[in-house]
Amino acid sequence: DQQVKQNSPSLSVQEGRISILNCDYTNSMFDYFLWYKKYPAEGPTFLISISSIKDKNEDGRFTVFLNKSAKHLSLHIVPSQPGDSAVYFCAASLDQGAQKLVFGQGTRLTINP
Amino acid sequence: KAGVTQTPRYLIKTRGQQVTLSCSPISGHRSVSWYQQTPGQGLQFLFEYFSETQRNKGNFPGRFSGRQFSNSRSEMNVSTLELGDSALYLCASSSLALRADTQYFGPGTRLTVL
Chain A
1 DQQVKQNSPS
11 LSVQEGRISI
21 LNCDYTNSMF
31 DYFLWYKKYP
41 AEGPTFLISI
51 SSIKDKNEDG
61 RFTVFLNKSA
71 KHLSLHIVPS
81 QPGDSAVYFC
91 AASLDQGAQK
101 LVFGQGTRLT
111 INP
Chain B
114 KAGVTQTPRY
124 LIKTRGQQVT
134 LSCSPISGHR
144 SVSWYQQTPG
154 QGLQFLFEYF
164 SETQRNKGNF
174 PGRFSGRQFS
184 NSRSEMNVST
194 LELGDSALYL
204 CASSSLALRA
214 DTQYFGPGTR
224 LTVL
């Protein structure tokens, strides 16, 4: 039972344009959501997070939107840069302090020059 | 500050064997979590250790076990290996702040079971 789903295995975007990565979840008890970025041969690195009490969190070029009623979150990257090419994972936890994360399958983002 | 290190980076085993993977957390981090990454399932939580005690456990069979030492280093053991255990095993360490977004991941150990 996949509680966190990323339905797009891959996404290709032109440099300078907006990249939008989507994530859906089924467990309404999830309280905290995170996005990770992973390069080949490296571990995932934390990008940005959002608590369920918010609907938007912004950090530089990265913005995460949360729609609790739809159980959907998205990551927007504006403008997209070649260095953003990586696999992006969304993850959820039952609270901000929980170390047990439930991850989606990942979306491979390719930024084309 | 040195990052999370995992050894070995690559491992090839045959079905029925057992394997031990090692993780050294960032200095000062007392929480270590283990994840299995496979192409179809993404990252799946195995277990988390804090101060030598298992604090959380995922939905994996008893063949998967772990432990943590007093210096916070952690080992993961898989017994009676199956083909489906082929995966990238990642460990992550976290500070005492106990925030999910303070988890730092190592590069992983790529296990291939033949």
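Protein chains in written order, with the numbering used here: chain A, 1 to 113; chain B, 114 to 227.
In this text, a Cβ means the ideal position worked out from N, Cα and C, and glycines have one as well.
Asked	Found
Runs of beta strand (DSSP E) wholly within the segment 130-210 of chain B (minimum 3 residues, chain order)	132-137, 144-151, 155-163, 166-170, 177-181, 187-191, 200-207
Selected residue, minimal CA-CA separation from Q216 of chain B, among B:E165, B:S192, B:S135, B:S146	B:S146
Residue-level contact to chain B via CB, E58 of chain A, 8 Å cutoff	no
Any C-beta of chain B under 8 Å from that of P40 of chain A	no
Within-8 Å CB hit, Q30 of chain A to chain B	According to the sequence displayed, residue 30 of chain A carries Phe and not Gln. Cβ-Cβ to chain B under 8 Å: no for F30 of chain A.
At least 3 beta-carbon pairs within less than 8 Å: the segment 30-41 of chain A vs the segment 127-136 of chain B	no
D31 of chain A: first and last residue of the uninterrupted beta strand (DSSP E) it sits in	Counting along the chain, D31 of chain A falls outside any beta strand (DSSP E), and DSSP gives it neither H nor E.
Rounded C-alpha distance that separates I20 of chain A from L109 of chain A	10 Å
Any beta strand (DSSP E) of 3 or more consecutive residues that is wholly inside the segment 36-96 of chain A	45-51, 56-59, 62-67, 72-77, 86-93
Cβ-based neighbour list, L201 of chain B, same chain, cut-off 6 Å, excluding 5 preceding and 5 following	Q150, G221, R223
Residue-level contact to chain A via CB, Q130 of chain B, 8 Å cutoff	no
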